[in-house]
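Participant: Quick one: structure below, then a few questions.
Numbering (our numbering), first residue to last: 1102 to 1315.
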């Protein structure tokens, strides 16, 4: 399996491929060409073939890709064969929404515990997940937790992350609009909805300007 030095951009597209293949399999489709798959995921077919080439021969020329074979392969690569436990830090509006959803379309990922600074929330259960006091976070044993979701205000994000690291967490999905200063062995994915929306508005307006100039 040739998966050495897989580019970050390729790794980021793999979950998209996996989710789309799950849908195709549910429709009874058994094989697909790179060009057809590219139209579905809105990724150039050349990019798709190059992405898959990092992992060896996953398809055949003239045949395309066997959907079930790709699904089985990506399930293993993305560690979807076992439950990935995550914790939620910050049970505000966004945190509550995430708890209520709790990856219902992905049976292999689950928020198993939540933390909040509000003492009135401590001990409450939302959609089956208990809320714990923030002060308990750094003293808990979270070494079996794959990652923490940060949905706290910007001024609390650094402190919350440090407490989570002290409990054994090594990865973060950060919704707080601030960059974190963490050890090099800790991995962080930043989700800044304001930045994403601003980028969307830019591309929309830029596209409109191009059309008007044609």
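No residue lacks a Cβ here, since even glycine has one placed at the ideal position from N, Cα and C.
Could you pull out every residue in the same chain whose Cβ sits closer than 6 Å to the Cβ of residue 1214, ignoring the five residues on either side in sequence?
Facilitator: 1188
Participant: Going by other Cβ atoms of all chains shown within 10 Å of its Cβ, with 16 needed for buried, is residue 1209 buried or exposed?
Facilitator: Exposed.
Participant: On the CB-based measure, 16 or more other CB atoms within 10 Å of its CB, does residue 1184 come out buried or exposed?
Facilitator: Counting other Cβ atoms within 10 Å of its Cβ, residue 1184 stays below 16 and is therefore classed as exposed.
Participant: Residue 1184 by DSSP, collapsed to three states: which one?
Facilitator: Note: residue 1184 maps to coil in three-state DSSP.
Participant: Please tell me whether residue 1190 and residue 1266 are closer than 8 Å, where the distance is taken between their beta carbons.
Facilitator: no
Participant: How close, in whole Å, do the beta carbons of residue 1130 and residue 1168 come, if the pair is a contact with beta carbons under 8 Å?
Facilitator: The C-beta distance from residue 1130 to residue 1168 rounds to 6 Å, short enough to meet the 8 Å contact threshold.
Participant: Tell me where the alpha helix (DSSP H) around residue 1290 begins and ends.
Facilitator: Note, residue 1290: premise wrong, no alpha helix (DSSP H); beta strand (DSSP E) at 1288-1291.
Participant: Near residue 1227, which residues of its chain fall below 8 Å by C-beta distance, leaving aside the five closest residues on each side in sequence?
Facilitator: 1192, 1197, 1200, 1201 and 1215
Participant: DSSP three-state call for residue 1214: helix, strand or coil?
Facilitator: strand
Participant: What do you reckon, are the CB atoms on residue 1141 and residue 1186 nearer than 8 Å?
Facilitator: no
Participant: Compute the distance between the beta-carbons of residue 1278 and residue 1252, then report whether it is under 8 Å.
Facilitator: Between residue 1278 and residue 1252, the CB-CB gap reaches or exceeds 8 Å.
Participant: Taking C-alpha atoms, which residue in 1153, 1304, 1263 and 1299 lies nearest to residue 1287?
Facilitator: Taking the Cα of residue 1287 as reference, the smallest distance to any Cα among 1153, 1304, 1263 and 1299 is reached at 1263.
Participant: Rounded to the nearest angstrom, what separates residue 1156 and residue 1258 at their Cα positions?
Facilitator: 37 Å
Participant: If you run the structure through DSSP and keep just helix, strand and coil, what is residue 1244?
Facilitator: coil
Participant: Specify the secondary structure class of residue 1280 as computed by DSSP and reduced to three states.
Facilitator: coil
Participant: Helix, strand or coil for residue 1144, going by three-state DSSP, please let me know.
Facilitator: Under the three-state reduction of DSSP, residue 1144 is assigned to coil, being neither helix nor strand.
Participant: Going by Cα to Cα distance, which pick from 1115, 1307, 1139 and 1255 is closest to residue 1175?
Facilitator: 1115
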